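Chains as they are written, first to last, in my numbering: chain A, 28 to 434; chain B, -19 to 45. For each residue, glycine too, the CB sits at the ideal point set by N, CA and C. Predicted model, so just to flag it, every value in this text is computed and none were measured. Okay, so here's the structure we're looking at.
Written out as C-alpha cells, the structure reads:
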C-alpha cells in the first residue's frame, strides 16, 4: 500500500533526488530469475549519496549511502546514526525498541555484552553437531522422496528455523508453525504482520513465564536470570530480546542459503569444484555472502551531519544497502566477479560497527555446514525443467520457488 | 613484526581469528581487547598476521613491520 507521493524535504537539493527506492523499483519486485543484486549495484555509477522518496513502509524518504567507506562511517557511529526505530513494535501499534538492535550507544553496550558470549565464535562450535545433524536429516528426507525439491521450503527455511529453535531451547515439533509465523511477520500484509507479531509475542511471553517457574539450560532461562546494571532484566526487556532473537536468524540465513543454491544451480563448474574440494567451501561461502547479501540497515540522524559532501539533517533516515557496498570497486577489485578464492573479503553482509550481526558466527556455520552436506549428498543439481525460481529485492532480499532437480 | 589492536574499534567480526585463532585470541565475548600482539619470526605466522590485519572490516588492526 503506497502512501501519497512523498514530498522532497526542503533541505534536499532537487538534483540529489534519485529515482530508486527499495520498495517498488521494478528491479526490486519479485521476478522469475531476477537479479536485484546486479540491478542495485548500478547505483555505484551515480552519486555516493542521494535522496530516495517513499523508501519506507509508511512512505518516508531516506538518503541512500552507496559506497563501502561511507557506509562504514555511518554504521560505526551509532550515536550520530541512531537505530531507535521500534519497527517490530509498530506492527503491534506499540512503541518499544528491540533490544539490543534498536538501542543506541552508550546504553547499547551492556545489552550487547550480555549476549555476545552466547554466540561467540568459540561458543558456536558447540552447536555444530546439531547444525550438521539437522542439515543431514532434512537433506536425506529430500533424497528419500525423489530427485527434486523446492529448496527454500524443504531445506533452507526449516534448517534456519530449527537451528534457532534449538539455540533458544524451543523444541522443533512445531517447526512449520514457526516458519509460518515468520513468513507472515516478514512477508505478510500489514494485517498478517500484526497478527503474527501478536502470536510470536504471546508465545515468547508464555515461554518466559514457564522458564521463570521451571528454569532449564537454555537461552530463555539465561536471559530471565541474567543481570545488567546489577539487577535482573524486567519481563519487558526479556520479551524484547527474545523477540529479536526469534526473528533475526530466520529470513536472513534461509536467504543466504537460497542465493548460494541459486548460484550453484546455474554454475555447475563451481558446484563441481566445491564438491571435489570441500575445503574451499569456507571461502566460497564468504564470497557468496559478499555477492548476495540480503539486508539494508537503516539509521536516523540525531544531528545535522555531512556524509560524502552532502548535508544530512537531524531526523533524516539513511539507508546503507549492503549490496552496493559489497560491489564497491574501491573496496573489492573486480567486484562483479564471484571469486571463491577472494582474499581480503571485508564485506558488510553482517553490517559493521556496534550492531554488527550478533548471529554472524552461527550464520556462517549454518551456511558452510548446509553447503557441505548439500554438496556431499545431492549430486549435480540444476533448476527443474520448466521451473524458474523467483528472486526479489526489497528490505530483505530473497528467493522463492527454488525448484531444483538432479539425476 | 607486531599487530597493534585498537580494542575500541573491535566489533567482534572475528575475521582475524578466522586467519589464526591462536594469534588473534578472542575474549569470551568474541572480541579483541586493546593490546600489542608480537608476531613470531615465522613466515607462515607473518603471512597470517598480514592477512588478519587486512581482514578487519572495522580497521581495528595495524601492522608494524
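Measure the alpha-carbon distance for residue 417/A versus residue 289/A and round it to whole angstroms.
-> In a straight line, the C-alpha of residue 417/A is about 10 Å away from that of residue 289/A.
Quick one: is residue 140/A near chain B, going by C-beta distance under 8 Å?
-> At least one C-beta of chain B is nearer than 8 Å to the C-beta of residue 140/A.
Can a CB atom of chain B be found closer than 8 Å to the CB of residue 100/A?
-> Under the Cβ criterion of 8 Å, residue 100/A is not counted among the residues facing chain B.
Residue 399/A at chain B interface by Cβ criterion, 8 Å = No, no contact with chain B.
Secondary structure at residue 422/A, three-state DSSP: helix, strand or coil?
-> Judged by DSSP in its simplified three-state form, residue 422/A adopts coil rather than helix or strand.
Interface residues of chain B facing residue 419/A [CB-CB closer than 9 Å] = Those do not exist, as residue 419/A stays about 27 Å from chain B at its closest Cβ, beyond 9 Å.
Report the residues of the stretch -16 to -5 of chain B with a CB closer than 9 Å to any CB of chain A, ordered along the chain.
-> Taking 9 Å as the Cβ-Cβ cut-off, the stretch -16 to -5 of chain B approaches chain A at -11, -9, -8, -7, -6, -5, given in chain order.
Counting contacts by CB-CB distance shorter than 8 Å, is residue 29/B in contact with chain A?
-> In terms of beta-carbon proximity, residue 29/B stays away from the interface with chain A, with every pair separated by 8 Å or more.
CB-CB under 7 Å to residue 46/A, same chain, minus the five flanking residues each way: which ones, in chain order?
-> Excluding sequence neighbours, residue 46/A sits near nothing in its chain.
Inter-stretch contact (C-beta, 8 Å, three-pair minimum) for the stretch 331 to 346 of chain A and the stretch 80 to 98 of chain A = Cβ pair count under 8 Å is three or more, so yes.
Look at residue 68/A and residue 351/A and say whether their C-beta atoms are less than 8 Å apart.
-> Yes, Cβ-Cβ distance for residue 68/A and residue 351/A is below 8 Å.
Are residue 76/A and residue 213/A close, meaning C-beta to C-beta below 8 Å?
-> Not in contact: residue 76/A and residue 213/A (Cβ atoms no closer than 8 Å).
Classify residue 2/B as buried or exposed, calling it buried when 16 or more other Cβ atoms lie within 10 Å of its own Cβ.
-> The residue is exposed, with fewer than 16 neighbouring Cβ atoms inside 10 Å.
So what's residue 59/A in DSSP terms, helix, strand or just coil?
-> In the displayed model, residue 59/A falls within a strand according to three-state DSSP.
Excluding five sequence neighbours on each side, which residues of the same chain lie with their C-beta closer than 8 Å to the C-beta of residue -14/B?
-> Taking C-beta separations shorter than 8 Å and ignoring five residues to either side along the sequence, the partners of residue -14/B in its chain run 14, 40, 41, 42, following chain order.
Assigned secondary structure, residue 46/A (DSSP; H/G/I helix, E/B strand, else coil) | Residue 46/A sits in coil when the DSSP states are folded into three classes, being neither helix nor strand.
Where the stretch 7 to 37 of chain B meets chain A: residues whose CB sits under 8 Å from a CB there = Going along the stretch 7 to 37 of chain B in chain order, one finds 8, 9, 10, 11, 31, 34, 35, 36, 37 with a Cβ nearer than 8 Å to chain A.
Proximal residues, the stretch 368 to 387 of chain A versus chain B, C-beta separation under 8 Å = Of all residues in the stretch 368 to 387 of chain A, 370, 371, 372, 373, 374, 375, 377, 379, 380, 381, 383, 387 have a Cβ within less than 8 Å of some Cβ in chain B.
From 25/B, 18/B, -3/B, 20/B, pick the residue whose C-alpha is nearest to that of residue 12/B; which is it?
-> Scanning 25/B, 18/B, -3/B, 20/B for the CA closest to the CA of residue 12/B turns up -3/B.
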